[in-house]
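Residue numbers (the numbering used here): 264 to 415.
Put into structure tokens, the structure is as follows:
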């Protein structure tokens, strides 16, 4: 393994910010602005930088620096109301793709969430983000809700 995963530090923040646009690195639905896809995640990261939330931020690093990030928040599960976690961000640099780094970040995020009492983990993914969906499905996630959208 030529990478490691560890909790992010504030010194990693600039590199993490640079990874956020990768959240729109797929066939973004027509009429959607790619920058809007990660605007809320940027705000979440900025709040974490100021110690204004308890978001768990993990980074994957190799000799070149930060190459991946996972951000997880703890929250009540939508239907059962049990303690749960939500995967807010999973993003990799282009050279990091296909090396098992996304899977490793996801597994570590789940471990940390479980250690903090979460009984489940949820996430959102666009229907046409096939690469991300394939990873999540391989790792045992399944679709539950569909969100429909129509511009007026």
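The beta-carbon is built from N, C-alpha and C at its ideal position, and this holds for glycine as well. If you're wondering where the values come from, they're calculated on a predicted model, not measured in any experiment.
Nonlocal neighbours in the same chain, by C-beta distance under 7 Å from residue i, ignoring five residues either side
i           : result
residue 275 : 322 and 329
residue 290 : 391
residue 301 : 283, 284, 286 and 287
residue 312 : 273 and 276
Beta-carbon proximity check, residue i vs residue j, cutoff 7 Å
i           : j           : result
residue 377 : residue 268 : no
residue 337 : residue 386 : no
residue 331 : residue 287 : no
residue 398 : residue 365 : yes
residue 333 : residue 353 : yes
Neighbourhood of residue i by C-beta distance below 6 Å, restricted to the same chain and skipping five residues each side
i           : result
residue 316 : 310
Separation of residue j from residue i, as counted between CA atoms
i           : j           : result
residue 273 : residue 279 : 10 Å
residue 383 : residue 294 : 33 Å
residue 299 : residue 292 : 12 Å
residue 285 : residue 357 : 8 Å
residue 265 : residue 271 : 18 Å
residue 402 : residue 327 : 27 Å
residue 355 : residue 314 : 24 Å
residue 414 : residue 296 : 13 Å
residue 277 : residue 283 : 10 Å
residue 320 : residue 348 : 13 Å
residue 389 : residue 396 : 8 Å
In chain order, what are the residue ranges of uninterrupted alpha helix (DSSP H) at least 4 long that sit wholly in the segment 328-384? 364-378
Cβ pair count under 8 Å reaching 3, the segment 297-312 against the segment 399-413: no
Could you name each continuous beta strand (DSSP E) segment of 3 residues or more that falls completely within the segment 266-333, going from the start of the chain to the end? 267-270 and 319-325
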